[in-house]
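Please read the structure below before turning to the comments.
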Amino acid sequence: MGQPVREYLLTLSVTAAVTYLLTGPVRKFAIAAGAMPEIRARDVHREPTPRLGGIAMFGGLCAGLLVASHLTNLKSVFENSNEPRALLSGAALIWILGVLDDKWGVDALVKLGGQMIAAGVMVLQGLTILWIPIPGVGTVSLTPMQGTLLTVALVVITINAVNFVDGLDGLASGMVCIAAAAFFMYAYRMWFGYGIEAAAPATLFSVVLMGMCLGFLPHNMHPARIFMGDSGSMLIGLVMAAGAVSVTGQVDPDLLNQKAGGLREATHAMVPVYIPLLLPLTVIAVPVADLILAIVRRTWKGQSPFAADRGHLHHRLLEIGHSHSRAVLIMYFWSALIAFGAVAYSVNNASMWIVLGIVLLSAVGLVLLLLPRFSPRAPRWAERMVPPRYRRVVRTVLVPSADRAEEDAAEAAEGEREPVPAGINGATAIGDRSRFVDHRRAGSHH
2 MGQPVREYLL TLSVTAAVTY LLTGPVRKFA IAAGAMPEIR ARDVHREPTP
52 RLGGIAMFGG LCAGLLVASH LTNLKSVFEN SNEPRALLSG AALIWILGVL
102 DDKWGVDALV KLGGQMIAAG VMVLQGLTIL WIPIPGVGTV SLTPMQGTLL
152 TVALVVITIN AVNFVDGLDG LASGMVCIAA AAFFMYAYRM WFGYGIEAAA
202 PATLFSVVLM GMCLGFLPHN MHPARIFMGD SGSMLIGLVM AAGAVSVTGQ
252 VDPDLLNQKA GGLREATHAM VPVYIPLLLP LTVIAVPVAD LILAIVRRTW
302 KGQSPFAADR GHLHHRLLEI GHSHSRAVLI MYFWSALIAF GAVAYSVNNA
352 SMWIVLGIVL LSAVGLVLLL LPRFSPRAPR WAERMVPPRY RRVVRTVLVP
402 SADRAEEDAA EAAEGEREPV PAGINGATAI GDRSRFVDHR RAGSHH
């Protein structure tokens, strides 16, 4: 088992390194090509930032799949399955569509049609849902039409969920990376834990997706030097959807039943697959929730579901007082809690410690949400080892000098003038009072 782990780490490292090294030149290309849209009302960044980061991410995807196809254990995925080629062809289509949108802008309905075409291309090459497990009923086989419609729906929902959550620096890439890590653990256990070969493509897709996000994150953390744009957000959404489709529709629950030792054990092992509508959407529960809330909110207001606004979850976090970095970390926290909680529950759902741990971490997350202005402070003995913003503020008492005393006396004399009458709205002389305060504050720095 050690050899496959090393091959996965190599694939992950190559994907991340290629993505990271390509992002710098891509940024210069985006600036030269004019892919720096004007700041919109819903944007939270203040300076024009180049897009087209998806070009580097697509390069990392191709490099990761190329390396994996030449490794001893992983090349069997390419020999026994057509799914990697299906993923690459669908990813190329959605990436081209995203590049066009980042540079010139594409109508929302055209983008939706392109997403459906990319999903259809993957279905034609074998990446489709063949059956779904239903608790209490068993395995339900799908007709080709049903499988195609369900696959296209899952791909489109996942792509748009990731695209909707891409609103803060480092948010989408970090959340997808967390989801991919949890999905890798789940798929790896299915393949090597139960010996189910059909879970191999999903395991590879998860590793490549992690590498794409990790390689792009250093350039995208706040303050971001480049955005992934639709070329990146739709691409990583499609790769995640491909892994979900692969492990949901290709892994036979009856075979899992034999490997796991019984129907009850197999049902528990498939928990992450059918918790939300029988699809592994737990790993992107936060983006999907944001997507559903956005559609309901916009439809309720009589707007198009594709109309942009500032009502997303990350915008709400900023509005209640969280900083940019803290809002991103909170979203990371909830994504990790839901994704890894589902995987942990599938491993051992009989353990009350897992349930209690999830409940406890949920309480911690709620406390973090309700304390937007809480700023942690390190103890005095550890202040030298933390950044200045986490150190305690040392209050110093300034002894007034002779010049300062003369200034205070002049201000006191000036303050004895007749007060300015209140305005028509009952306002007092705020302007003069604020000028005095500013004058004192300015004098304290001399």
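At position 257 of the sequence shown the residue is numbered 258 (my numbering), and the sequence of numbers has no breaks. For every residue, glycine included, the Cβ atom is placed at its ideal position computed from N, Cα and C. Every value quoted in this text rests on a predicted model; they were computed, and no experiment measured them.
Thr144 has its alpha-carbon roughly 43 angstroms from the corresponding atom of Asn221. Contact between the segment 234-253 and the segment 119-129 is established, with three or more Cβ pairs separated by less than 8 angstroms. Distance from the CA of Val287 to the CA of Met332, rounded to the nearest whole angstrom, comes to 8 angstroms. When secondary structure is reduced to three states using DSSP, Trp132 falls in the strand class. Of the other Cβ atoms in all chains shown, 16 or more fall within 10 Å of the Cβ of Pro51; this residue is therefore buried. According to the DSSP assignment, His220 belongs to the alpha helix (DSSP H) that extends over Ala201 to Asn221. Three or more Cβ pairs closer than 8 angstroms define a contact, and the segment 16-27 meets that threshold against the segment 216-231.
In terms of Cβ geometry, Val289 and Leu169 do not form a close pair [threshold 8 angstroms].
Collapsing the DSSP output to three states places Ser326 in a helix.
Residue Ala64 holds the alpha-carbon nearest to the alpha-carbon of Val209 among Val365, Ile359, Ala64 and Gly358. Segment contact: the segment 174-191 against the segment 151-158, fewer than three CB-CB distances shorter than 8 angstroms; contact not assigned. Between the segment 184-200 and the segment 227-234, the count of Cβ pairs shorter than 8 angstroms is below three; the stretches do not touch. CA-CA distance, Arg299 to Ala69, rounds to 43 angstroms. For Lys112, the enclosing alpha helix (DSSP H) starts and ends at Ala109 to Leu125. A straight-line Cα-Cα distance of about 8 angstroms links Leu94 and Gly115. Secondary structure at Ser14: helix, using DSSP grouped into helix, strand and coil.
When the beta-carbon positions are compared, Phe206 and Leu88 come within less than 8 angstroms of each other.
With respect to the C-alpha of Leu172, the residue from Met146, Arg327, Leu75 and Val107 having the closest C-alpha is Arg327. Between Ser247 and Leu131, the C-beta spacing is not below 8 angstroms.
In the DSSP assignment, Thr144 forms no beta bridge with any residue. It is roughly 42 angstroms from the alpha-carbon of Ala18 to the alpha-carbon of Gln304. With a 10 Å radius around the Cβ and a threshold of 16 neighbouring Cβ atoms, Ala345 comes out buried.
DSSP, read as helix, strand or coil, puts Phe185 in helix. For Asp102 and Glu8, the gap between their C-alpha atoms comes out near 35 angstroms.
A Cβ-Cβ distance of about 7 angstroms is found for the pair Thr12 and Leu75, placing them in contact under the 8 angstroms criterion.
Annotation: Asp170 is outside any alpha helix (DSSP H) and is labelled neither H nor E by DSSP. Gly238 is positioned such that its CB atom lies closer than 8 angstroms to that of Ala162.
Excluding sequence positions up to five before and after Leu66, its CB lies within less than 7 angstroms of the CB of Pro85, Leu89 and Val209, all in the same chain and listed in chain order.
Around the beta carbon of Pro202, a 10 Å sphere encloses 16 or more other beta carbons of the protein chains shown; the residue is thus reported as buried.
Thr249 sits buried, since 16 or more C-beta atoms from the chains shown fall within 10 Å of its C-beta. Taking a 10 Å sphere around the C-beta of Leu292, we find 16 or more other C-beta atoms and assign the residue as buried. Short of 8 angstroms from the beta carbon of Gly55, and not among the five residues preceding or following it, lie these beta carbons of its own chain, in chain order: Trp96, Gly99, Val100, Asp103, Met229, Gly230, Asp231, Ser232, Gly233, Ser234, Met235 and Leu236. Secondary structure at Thr73: coil, using DSSP grouped into helix, strand and coil. Taking the C-beta atoms as reference points, Ile179 is found no nearer than 8 angstroms to Ala364. Taking Ser14 as reference, the option from Gly61, Arg28 and Phe30 with the minimal CA-CA separation is Gly61.
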